[in-house]
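Taking it in order: structure first as structure tokens, then the write-up.
Residue numbers (this note's numbering): 128 to 236.
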């Protein structure tokens, strides 16, 4: 009877020893993963630390460019309108001029 208890205790001890070794390996893997994640976080923090300032600076620059670009755009639009009016005037003038030319002149008596 004692030998059965001793054998069962040895088997339980071996199983627990195996479980302990697996838990130890898992702990080592988790420690390595933790170190990798910490290194990645530090690296990304170094890279992205200045991003908010750079983004806001970029937004201000884009805003300023849009403001300075707006005036030439308005001027270009006005010049296009002037050319459109000139083209329309030219068409009207041609129509009227051709009508006047095509009518025969009346002779005076």
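Ideal Cβ placement from N, Cα and C applies to all residues, glycine included. Please read these numbers as outputs of a predicted model, since none were measured by experiment.
6 Å Cβ shell around residue i - same chain, five flanking residues per side excluded
i, result
"residue 208", "none"
"residue 162", "none"
"residue 150", "none"
Cβ-based neighbour list, residue i, same chain, cut-off 7 Å, excluding 5 preceding and 5 following
i, result
"residue 196", "none"
"residue 212", "none"
"residue 187", "none"
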